DNA sequence: TTTTAGCACTCCGTTTCTTCGAGTGCTAAT
DNA sequence: ATTAGCACTCGAAGAAACGGAGTGCTAAAA
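Chains as they are written, first to last, in the working numbering: chain A, 1 to 343; chain B, 344 to 686.
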């Protein structure tokens with residue numbers, strides 16, 4: 001089952017070539033472009049690689065294309081990290097210098113940067129507010145019976161939610177409750193700010209325990225409801241590739257990528273890993289069976305709070321994409337940190 | 344230049360048929376389906392209609408397709424408003440019953456409803472905050488030097504902006520300034536809350552005049568910057584139609600529709616009109632030369648604050664779309680009003 | 001004068017057939 | 001173990017043939 005040096009070399013050449021051209025690679029073409037063996041030898045090796053499951057033939061008299069197994073091997077062992085040109089890193093850096101109006105804006109900009117530079121489709125998950133610490137909560141009266149709850153965390157992320165308020169709580173009391181909650185739960189993780197803690201606490205809060213309880217429940221719930229938790233960019237980039245010259249394929253892809261719930265779940269799952277590469281049928285999503293997803297996580301104060309990634313055809317340029325993700329990860333870390341000068 | 348009754352009737356039949364089938368309509372097919380004239384007569388009339396510019400022929404031996412001029416006539420004079428089935432109005436009504444967590448959510452839901460029911464692409468403009476009246480402004484400290492400004496208007500719309508704060512203003516003072524501004528400018532139109540008014544006002548505000556001024560400037564500026572002002576839904580619906588079976592056409596369409604700035608401008612312009620129908624080349628956008636855009640405005644307290652619309656191929660079912668928009672306009676009006684019980 | 005039947009003609013979309021060439025597997029020579 | 005040579009395969013692309021829906025025009029019918 002071990003592949004000897006020559007097989008590896010040939011396989012790598014095939015993958016590299018196929019990533020570039022998207023058309024089956026033949027033995028002759030290979031031997032002419034810098035391979036030191038004759039086409040016949042390569043042909044024999046290709047036959048072997050096919051029986052081993054690394055290559056496939058669209059039809060009898062065509063060249064070979066890499067299988068998912070080949071891509072997996074390529075990603076895990078064979079590829080050498082691409083080197084971004086100075087120009088590219090500068091370009092990338094530029095995206096992060098421009099818009100610094102809050103975490104959300106930066107992440108949106110990140111998605112745009114990723115999709116524009118890779119020419120694939122980019123997804124960025126908004127940070128998971130649960131792991132962050134509460135810095136400020138403010139209730140703003142809207143109408144009788146309704147108020148806007150604004151939560152700000154130490155990561156500089158904010159979240160708005162409309163909540164119901166008992167009629168007998170006036171603006172002044174809302175303000176006092178805001179201050180009380182802020183004081184009590186300052187620097188607690190959002191996920192631990194549960195209703196249990198409320199009862200322990202005396203004063204104004206316990207008098208309004210029911211309200212505060214429902215308020216906190218509402219805050220947690222609203223996070224998962226909010227469909228804006230994923231920023232998508234460059235979905236139409238995929239239409240450039242011959243894989244999607246068929247409109248119906250393009251349609252299924254676009255439909256899948258717009259299922260923000262699924263995308264969020266996917267990224268969330270990936271956020272515990274520094275990097276992930278998911279190839280073709282390894283993907284859970286129906287619509288990504290012919291795609292690969294590459295993700296990277298980002299952290300704030302050392303805690304991973306989210307992830308971002310790129311989706312492309314299985315023959316995507318993994319080396320390049322990974323380099324770009326790594327670069328973005330660094331940039332993003334720096335920028336997000338800059339929102340936290342106080343720490 | 345006047346079209347007699349028969350010409351009108353024939354033209355209408357052609358438009359109706361072409362909207363359904365998307366393929367050129369021939370004289371024979373027409374005369375067989377309920378027309379009381381022979382194919383020859385119809386043929387002559389069609390030739391006339393062509394010289395008058397209402398019809399076009401893709402090639403010599405094909406049927407006729409309506410020109411933009413024909414659609415214009417159709418929309419302005421000939422079409423009869425479609426009647427939504429009870430089922431459909433109920434379905435539509437359902438969208439508005441479900442999500443009532445704030446104005447933004449409702450409008451997002453509106454976009455989804457529109458695209459799903461029409462099978463075209465829907466756009467909804469978030470309400471223009473400028474014409475609304477300030478109800479509450481709250482500054483929330485983020486880090487030293489930065490704060491989050493949350494603006495709430497009488498329409499229940501909120502807007503978050505990260506602003507810079509001089510280092511010597513502490514959390515308590517931010518709170519006091521918030522209250523002072525809220526008190527001073529309560530019920531003023533956002534667009535009139537300009538820096539000029541600030542100077543007139545004494546007390547805490549004038550002491551921090553520079554800060555308040557820059558704050559207000561920042562708020563105005565940020566509205567136009569914010570790219571989330573347009574909610575898009577069902578962009579991929581267009582790929583269902585034969586007009587977009589060509590991937591490159593699909594690409595240009597999708598690219599255009601994702602230019603949120605342009606879309607916002609388009610809707611903004613349309614928001615002063617109850618309804619608009621823009622056919623083919625009447626559109627300013629490059630990518631909409633083969634599309635039609637139908638919009639309706641929505642109002643809060645009688646003031647038009649935004650608009651929403653549907654984009655489809657020029658042969659879209661105008662009658663149906665207009666009925667749906669009218670229905671949605673009513674529903675939306677009711678729901679938005681319900682956020683304003685106080686008035 | 002208006003409408004309609006009839007007819008020759010056009011031209012697109014489809015299908016069928018042919019050709020071309022890149023690629024293969026196998027065998028025999030190196 | 002490697003490679004040159006050869007017969008074979010099969011899809012992609014082009015060419016030719018066909019069918020049919022539709023037209024414009026003319027002449028007869030209303």
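Beta carbons: idealized from backbone N, C-alpha and C, even for Gly. None of the values given here were measured: they were computed from a predicted structure.
- Message: Going by C-alpha to C-alpha distance, which of 587/B, 649/B, 660/B sits closest to residue 615/B?
- Response: As a working mapping, residue 615/B is identified with position 272 in the second chain. For residue 615/B, the nearest C-alpha among the options comes from 649/B.
- Min CB distance residue 118/A to chain B below 9 Å: Position 118 of the first chain holds residue 118/A. It does not; no Cβ of chain B falls within 9 Å.
- Listed by chain order, chain A residues near residue 529/B by CB distance under 7 Å: Numbered from 1 along the second chain, position 186 holds the residue referred to as residue 529/B. None at all; the shortest Cβ gap to chain A is about 12 Å.
- Taking only beta-carbon positions, decide if residue 438/B is within less than 9 Å of chain A. Indexing the second chain from 1 puts residue 438/B at position 95. Not one chain A Cβ lies under 9 Å of residue 438/B.
- Query: Name the residues in the region 147-162 of chain A whose C-beta lies less than 8 Å from a C-beta of chain B; which are they?
  - Reply: 148, 150, 152, 156, 158, 160, 161, 162
- Between residue 599/B and the rest of its own chain, which residues show a CB-CB distance below 8 Å, the 5 nearest in sequence each way excluded? Position 256 of the second chain holds residue 599/B. 605, 628, 629, 630, 631.
- Query: For the region 116-133 of chain A against the region 161-171 of chain A, are there 3 or more C-beta pairs whose distance is under 8 Å?
  - Reply: no
- Item | residue 633/B, DSSP secondary structure in three states | By one-based count along the second chain, residue 633/B stands at place 290. In the structure shown, residue 633/B sits in coil (DSSP, three-state: anything other than H, G, I, E or B).
- Can you tell me which of the three DSSP states residue 482/B falls into? The count along the second chain starts at 1 and reaches residue 482/B at position 139. Note: residue 482/B maps to strand in three-state DSSP.
- Task: Starting from residue 348/B, follow its DSSP beta bridges and name the residues at the other end.
- Result: Counted from its first residue, the second chain places residue 348/B at position 5. Answer is none; residue 348/B lacks a bridge partner.
- Task: Within the same chain, show all residues whose beta-carbon is closer than 8 Å to that of residue 343/A, passing over the 5 residues directly before and after it, in chain order.
- Result: As a first step, residue 343/A is located in the first chain; it is residue number 343 there, counting from the start. With a pLDDT of 38 at residue 343/A, under the threshold of 50, the modelled position of that residue is not reliable, and the figure given next carries that caveat. So the list reads 154, 301, once near-sequence residues are dropped.
- Message: Is there a C-beta anywhere in chain A that falls below 9 Å from the one on residue 519/B?
- Response: For the purposes of this step, residue 519/B is taken as the residue at position 176 of the second chain. Output row for residue 519/B: interface = no.
- Please say whether residue 103/A and residue 336/A have beta carbons closer to each other than 9 Å? Residue mapping note: residue 336/A aligns to position 336 of the first chain, counting from 1. Residue mapping note: residue 103/A aligns to position 103 of the first chain, counting from 1. Against a cut-off of 9 Å, the Cβ pair of residue 103/A and residue 336/A comes out as a contact.
- Message: With a threshold of 7 Å on Cβ separation, who are the neighbours of residue 138/A within its own chain once the five nearest residues in sequence on each side are excluded?
- Response: Here residue 138/A refers to the residue found at position 138 when the first chain is read from its first residue. Closer than 7 Å at the Cβ level, and outside the excluded window around residue 138/A, lie 150, 178.
- Tell me which same chain residues have a C-beta within less than 7 Å of the C-beta of residue 79/A, skipping the five on either side of it? Working through the first chain from its first residue, we reach residue 79/A at position 79. Closer than 7 Å at the Cβ level, and outside the excluded window around residue 79/A, lie 318, 319.
- Item | Bounding residues of the beta strand (DSSP E) (the contiguous stretch that carries residue 150/A) | The residue labelled residue 150/A in the question sits at position 150 within the first chain. From DSSP, the beta strand (DSSP E) with residue 150/A extends over 146-153.
- Query: residue 628/B touches chain A at which residues, Cβ-Cβ below 8 Å?
  - Reply: As a position in the second chain, residue 628/B is number 285, starting the count at 1. What residue 628/B touches in chain A: nothing, since even the nearest Cβ is about 16 Å away.
- Item | residue 556/B versus residue 114/A - alpha carbon distance | Reading the second chain from its first residue, position 213 is the one you call residue 556/B. Reading the first chain from its first residue, position 114 is the one you call residue 114/A. For residue 556/B and residue 114/A, the distance between alpha carbons rounds to 36 Å.
- Which residues of chain B have a Cβ atom closer than 9 Å to the Cβ of residue 313/A, listed in chain order? Taking the first residue of the first chain as position 1, residue 313/A is located at position 313. Correct list: empty, because the minimum Cβ distance to chain B is about 14 Å.
- Query: For residue 401/B, does the count of other Cβ atoms within 10 angstroms reach 16, so buried, or fall short, so exposed?
  - Reply: Here the question's residue 401/B lines up with position 58 in the second chain. Classification of residue 401/B: exposed, given that the 10 Å Cβ count is below 16.
- Which residue from 106/A, 18/A, 192/A puts its Cα closest to that of residue 334/A? The residue you call residue 334/A lines up with position 334 of the first chain. When each option's Cα is compared against that of residue 334/A, the closest is 106/A.
- Query: If you measure from the beta carbon of residue 589/B to each beta carbon in chain A, is any gap under 9 Å?
  - Reply: Position 246 of the second chain holds residue 589/B. Output row for residue 589/B: interface = yes.
- Determine the burial state of residue 20/A: buried for a count of at least 16 other Cβ atoms within 10 Å of its Cβ, exposed for fewer. Within the first chain, the letter at position 20 stands for residue 20/A. Classification for residue 20/A: exposed.
- Task: Could you tell me the boundaries of the beta strand (DSSP E) in which residue 378/B lies?
- Result: Mapped onto the second chain, residue 378/B falls at position 35. Neither: residue 378/B is in no beta strand (DSSP E) and is coded neither H nor E.
- Query: Which residues in chain B sit within 7 Å of residue 239/A, going by Cβ to Cβ distance?
  - Reply: What you label residue 239/A is simply residue 239 of the first chain in a count that begins at 1. In chain order: 590, 593, 594.
- Item | Min CB distance residue 685/B to chain A below 9 Å | The residue given as residue 685/B occupies position 342 in the second chain. Summary for residue 685/B: the model assigns pLDDT 41, below 50, so the residue's position carries little reliability; its value from the coordinates is reported in the next sentence. Yes, because at least one Cβ of chain A sits closer than 9 Å to the Cβ of residue 685/B.
- Message: By the three-class DSSP mapping on this structure, what secondary structure does residue 307/A have?
- Response: Here residue 307/A refers to the residue found at position 307 of the first chain. In the structure shown, residue 307/A adopts extended strand secondary structure according to DSSP, grouped into three states.
- Any 3 or more C-beta pairs closer than 8 Å across the region 244-254 of chain A and the region 577-591 of chain B: yes
- Task: Thinking residue 186/A and residue 135/A are a contact (beta carbons under 8 Å), I'd like their distance in whole angstroms, please.
- Result: Walking along the first chain from the start, residue 186/A turns up at place 186. Walking along the first chain from the start, residue 135/A turns up at place 135. Right, the Cβ-Cβ distance comes to about 7 Å (below 8 Å), so this counts as a contact.
- Consult DSSP for residue 432/B and reduce its assignment to one of helix, strand or coil. Position 89 of the second chain, counted from the start, is the residue given in the question as residue 432/B. Reduced to three states, the DSSP call for residue 432/B is helix.
- Task: Check residue 262/A in the structure and name its three-state DSSP category.
- Result: In the first chain, counting from the first residue as 1, residue 262/A sits at position 262. In this structure, residue 262/A counts as helix in the three-state DSSP scheme.
- Query: In terms of residue numbering, what span does the alpha helix (DSSP H) encompassing residue 672/B cover?
  - Reply: Counting from one through the second chain, the residue named residue 672/B turns up at place 329. Residues 661-681.
- Message: Which same chain residues end up closer than 8 Å to residue 377/A when comparing Cβ atoms and leaving out the 5 residues on each side of it in sequence?
- Response: Residue 377/A falls outside the range modelled here, since chain A spans only 1 to 343, and no answer is possible.
- Item | Inside the region 20-82 of chain A only - beta strand (DSSP E) runs reaching at least 3 residues | none
- Message: Using CA atoms only, rank isn't needed, just tell me which of 64/A, 94/A, 128/A is closest to residue 222/A.
- Response: Mapped onto the first chain, residue 222/A falls at position 222. Checking every option, the nearest Cα to that of residue 222/A belongs to 128/A.
- DSSP state of residue 512/B, grouped into three classes? If you number the second chain from 1, residue 512/B lands on position 169. The answer is coil: DSSP assigns residue 512/B none of H, G, I, E or B.
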